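Reading through the structure tokens given below for one structure.
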Amino acid sequence: MKVAFFDTKPYDIPGFEKSIENTGITIKFYEPKLCPDTVQLAEGYDAVCVFVNDTVNKEVIDKLYGYGVKLIALRCAGYNNVDVKHCYGKIHVVHVPAYSPYAVAEHGMALLLSLVRRIHKAYNRTREFNFSLNGFTGFDLHGKTVGIIGTGKIGCVFGDICRGFGMRTVAYDLFPKEDAGFEYLSLDELYEQSDIISLHCPLTAETKHMIDEEAIAKMKKGVIIINTSRGGLIDTESLIKGIKERKIGGACLDVYEEEENIFFNDFSDHIMDDDTLARLISMPNVIVTGHQAFLTEEALNNIAQTTVNNILSFFSNGICENELCYHCADVEQCKVIRNKKCF
Ligand code: NAI
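For the sequence shown, my numbering assigns the number 1019 to the initial residue and increments by one for each residue that follows.
Below you can see the structure in the form of structure tokens.
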């Protein structure tokens, strides 16, 4: 099996090279992202392996299908960048549903603690032997209410971590989990009661810009917003307005709506064209990391191993339990009806 691997970063290679040993899989690592301009690189391959910011739209899918590519293997959980509906009947799509919810949840807590205790500021001050504490007053997390939107794998781990800090954990999810230790509320109640709000739901047509001016108006003054999920969940202009009006006390952002052509690249020698991102980064109560929440050794190894298993499983018997069902949108049902195949 020949796999064209797009948007390769140096940290991707060791785990994948190890995982394909003795499997019969060969991988060509391409640096560019998959998009209409680069799709021709996939000609002659059986599968493409893509990440969060590759563009897998109708045009790309039709070209891949024309080249005889049979499988799109996402090496991530989210698949909002793939037109899965358009793939139906043409190319199968598999993903890595879980690789380390701990990596993402722990990063969310790292951001929160850094922001609340001004670690990002203190680090710079002490490097210059400035040991003044002025402006560093934080607050205890103990006893605060954290509102978790999306109590799937990552949201549940984040909830466990927060309970370890003695926080009250309230939550909103379309499908509440009875035994997950959350107090489920309506979205409005969650906005009204939370000192901290952490987003862990996927980006869909329904959740796009769920944090907008109207939602922010319902929140507590001084609320801290954490987003380790997808940038599009937040209307960034509304977030900036909320921070400028002192309604929002701080933001911890590992993702950004317009990250596609910025994150994962080094622009330290350039003038940043994106004024919105530059404004966010200029704010003392905002911490931005470049979509790194997933980046732990455990997660990278799990991603590589699961992706390789997905490819092997698909090419050996045409069935993969991590296939995305884009026909009936009900994976369990689809597995029964279609014998674990989407089409
Ligand atoms: P999951 O599928 O286990 O959980 C998602 C939860 O969101 C489910 O409980 C689902 O019912 C809920 N949900 C769906 N629509 C909703 C809505 N409209 N309102 C409220 N809840 C809703 O997913 P998991 O593994 O916990 O990942 C969550 C998100 O984290 C992913 O969608 C992905 O975008 C993001 N992610 C970010 C990473 C990073 O490096 N920053 C790495 C991995 C995932």
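The beta carbon of each residue, even a glycine, is placed where N, CA and C say it ideally should be.
Values in this document were obtained by computation on a predicted structure and should not be read as measured data.
If you compare the alpha carbons of A1060, E1077, G1096 and N1099 with that of K1088, the shortest gap goes to A1060.
In this structure, DSSP gives H1218 a state outside helix and strand, which the three-state scheme calls coil. Here the alpha carbon of M1228 sits roughly 35 Å from the alpha carbon of A1022. Shortest Cα-Cα distance from I1280 to any of C1360, G1153, N1320 and V1070 involves V1070. L1082 has its alpha-carbon roughly 13 Å from the corresponding atom of D1101. Your pair H1104 and Q1310 does not check out as a contact, with CB atoms roughly 30 Å apart and the cut at 8 Å. If you look at T1044, you'll find it in the beta strand (DSSP E) that goes T1044 to F1047. Sequence-distant Cβ neighbours of I1214 in its own chain, meaning closer than 6 Å and more than five residues away, are V1164 and I1242. No heavy atom of the ligand NAI is found nearer than 7 Å to the CB of S1331. Of the other Cβ atoms in all chains shown, fewer than 16 fall within 10 Å of the Cβ of L1151; this residue is therefore exposed. Listed in chain order, the non-local C-beta contacts of T1026 below 7 Å within the same chain comprise F1047, Y1048 and E1049, local neighbours out to five positions each way being set aside.
The beta carbon of N1319 sits closer than 7 Å to those of G1033, all from its chain and outside the five residues before and after it, given in chain order.
The closest heavy atom of the ligand NAI lies less than 7 Å from the beta carbon of S1247. Assigned with DSSP and collapsed to three states, N1340 falls in coil, not helix or strand. Per DSSP, the beta bridge partners of I1252 are I1229. Counting the other CB atoms within 10 Å of its CB gives M1290 a total below 16, which places it among the exposed residues. Here E1224 is actually not in contact with G1249; their C-beta atoms are around 16 Å apart, not less than 8 Å. For T1163, the three-state secondary structure derived from DSSP is strand.
A Cβ-Cβ contact shorter than 8 Å links D1191 with T1169. When secondary structure is reduced to three states using DSSP, A1223 falls in the coil class, being assigned neither helix nor strand. A straight line joining the alpha-carbon of R1145 with that of K1162 spans about 32 Å.
Residue ranges of uninterrupted alpha helix (DSSP H) with 4 or more members, entirely inside the region 1096 to 1158 and ordered along the chain, are 1102 to 1105, 1119 to 1134 and 1137 to 1145.
Here the region 1254 to 1270 lies against the region 1232 to 1242, with 3 or more beta-carbon pairs under 8 Å apart.
Relative to the ligand NAI, the beta carbon of G1177 is positioned no closer than 7 Å to any heavy atom. For A1065, the enclosing beta strand (DSSP E) stretches over residues A1065 to V1068.
Measuring C-alpha to C-alpha distances from V1122 to each of I1031, T1324, G1107 and C1174 identifies C1174 as the nearest. In this structure I1172 touches H1218 by the C-beta definition: roughly 5 Å separates them, less than 8 Å. One thing to note: I1090 has its Cβ within 8 Å of the Cβ of V1068. Counting the other Cβ atoms within 10 Å of the Cβ of H1110 gives 16 or more, which makes it buried. The alpha-carbon of E1277 is positioned some 18 Å away from that of D1287. Taking 7 Å as the cut-off, one finds no heavy atom of the ligand NAI near enough to the beta carbon of T1073.
Under the three-state reduction of DSSP output, A1311 falls in the coil class, being neither helix nor strand.
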